[in-house]
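To convert, take the position in the sequence shown, counting from 1, and add 11; that gives the numbering used here.
Cβ atoms here follow ideal geometry from the backbone N, Cα and C, with glycine treated the same way.
Computed from a predicted structure; not experimentally measured.
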Amino acid sequence: MNGTVVGRLAPSPTGAQHLGNARTFLIAWLAARSLHGKLILRIEDIDSPRIKPWAVSQAIEDLHWLGLDWDEGPNSDDVQAPGPHAPYVQTLRLERYREGLKLLAAANQIYPCTCSRGDIEQAASAPQSMGQGEGLEGPVYPGTCATRNASDVEQLNAENYAWRFRCYRGERHWRDHFCGPQTLDVAKQLGDFVVGKKDGWPAYQLAVVMDDHDMGVTMVVRGDDLIPSTYRQQMLYEFFGWRPPQFWHVPLVVGSDGKRLAKRHGDTRLSTYRERGVSPQDIIGWLALSCGWIEKFRPCSPQELL
């Protein structure tokens with residue numbers, strides 16, 4: 012990579028951080044620090060119905076406990092942390108996201124959609140429907156409201172609607188630095204996607220793109236379940252004329268059944284291990300073993316793995 016590497020740690024405070032989160036954070040930390048890069052801590056808290064007030068301070072405590080540090084962002088539950096790219100909490104950046112929505116609307120690149128989840132599922136399953144049926148992540152949005160212009164929102168008498176981005180047509184190609192070349196027809200396999208809501212509240216896809224651009228992030232390390240999101244985000248980068256970061260999508264930690272780590276696999280919260288007296292070096296050692304960085308288990312620190 013050319014220039015200074017800037018990575019980020021971006022916990023979402025929808026609950027306690029667990030072993031799966033810890034492994035991704037560790038990989039992201041090592042990836043940036045091994046290249047003498049900077050790290051930013053950003054709190055991604057726009058998923059408001061699921062946000063837990065206590066989870067922000069606990070996530071920061073978990074990261075400190077593991078021995079991970081960062082150069083910008085909050086070091087405590089004081090979310091008003093100063094810095095060259097502050098604020099580092101998404102709910103404090105809402106006006107910035109609204110600026111992005113205005114630019115998208117002015118270009119008619121988004122349109123107001125009044126379809127519910129049930130409407131989309133019904134359209135996708137209907138015979139000879141206008142939809143694409145099942146896609147990579149479930150029912151593909153059928154384009155029911157795609158004939159609308161952004162300006163139609165002024166005459167729209169609806170209690171609720173979402174702003175959808177008009178996907179560019181044809182196959183999209185990009186290279187993931189862990190998973191290799193990626194190809195997908197986004198319009199057919201994912202469909203037009205939500206970037207905001209009626210009240211101007213942003214969706215994840217828009218917020219994360221604007222955050223990473225504004226904060227100068229050049230390296231994104233995250234779970235491979237977000238590969239489909241990267242296609243969407245690449246389109247937003249293209250629209251705004253911004254250079255996207257380089258992406259590393261790494262495997263998720265899974266349970267004994269091969270499925271993504273969840274409550275059904277037991278209590279794997281970092282706070283629980285801490286309360287039980289498990290050392291952070293034991294956690295780092297287990298994570299390193301799971302990545303194949305050490306041949307047999309031993310306690311170690313992130314600094315040792317550099």
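- Take I131, set aside five residues on each side of it, and the residues of its chain with a beta-carbon closer than 7 Å to its own are P150, Y152, P153, in chain order.
- A contact between stretches requires three or more CB pairs, one per stretch, nearer than 8 Å, and the stretch 103-113 meets this requirement with the stretch 215-222.
- Only residues of its own chain outside the window of five on either side were considered, and among them P192, Q193 have a CB closer than 8 Å to the CB of R186, listed in chain order.
- For S136, the number of other beta carbons within 10 angstroms of its own is below 16, and it is reported as exposed.
- In summary, R254 is exposed, with fewer than 16 beta-carbon neighbours lying within 10 Å of its beta-carbon over all protein chains present.
- Between S290 and A33, the alpha-carbon positions lie close to 14 Å from each other.
- When DSSP states are grouped into helix, strand and coil, G146 belongs to the strand group.
- The continuous stretches of beta strand (DSSP E) do not include W297, which lies in the alpha helix (DSSP H) extending over residues 291-301.
- In this structure, the straight-line span from the alpha carbon of K63 to that of L147 is close to 30 Å.
- At a Cβ-Cβ threshold of 7 Å, V100 and I71 do not count as neighbours.
- Here the stretch 276-287 makes no contact with the stretch 242-251; the two share fewer than three CB pairs at distances below 8 Å.
- Each residue's CA atom was taken as its position, placing T158 and D80 some 48 Å apart.
- Residue V232 holds the alpha-carbon nearest to the alpha-carbon of I51 among V232, T102, P60, C126.
- In the structure shown, L272 falls within a coil segment according to DSSP collapsed to helix, strand and coil.
- In terms of Cα proximity to G84, the closest of G18, Q28, I38, F176 is G18.
- In this structure, the alpha-carbon of G31 lies about 40 Å from that of A169.
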